[in-house]
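Asks:
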Amino acid sequence: MDDRCIMENLLLTTKGVCDLYLHGTIESSTQDVRQSFDQALNNSLCMQDDIYKKMSAKGWYTTEQAEAMKIQKVRNQFSGIS
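Structure below.
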């Protein structure tokens, strides 16, 4: 297993953890439990961002710019939703 594969697995795992913590935050029945999940979510989001930045710097996670016309089309499509 090479470094890129390891980083991809870390990123996917971290994203999954963020999803679990988000649902824990939303579904919490008490303020203390919600705060615990919320802090864990924030920490995991920071970790996910760090992993993404390292992968992006190595060219392992590339993104492309969305076309302005496509962005405007989506804006128009959802502009009537409040």
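Residues 1 to 82 (the UniProt record's numbering) are what the sequence shown spells out, left to right.
For every residue, glycine included, the Cβ atom is placed at its ideal position computed from N, Cα and C.
(1) With distances taken between CB atoms, is the gap from residue 44 to residue 74 smaller than 8 Å?
(2) Could you have a look at residue 68 and say whether DSSP puts it in helix, strand or coil?
(3) Starting from residue 16 and walking both ways along the alpha helix (DSSP H), at which residues does that stretch end?
(4) DSSP on residue 79, reduced to helix/strand/coil?
(5) Taking 8 Å as the threshold (C-beta atoms), are residue 41 and residue 22 in contact?
(6) State the Cα-Cα distance for the pair residue 65 and residue 72, rounded to the nearest angstrom.
Replies: So, from the listed chains and residues:
(1) no
(2) helix
(3) 3 to 27 is the span of the alpha helix (DSSP H), which, as asked, contains residue 16.
(4) coil
(5) yes
(6) In this model, residue 65 and residue 72 are separated by some 14 Å (Cα to Cα).
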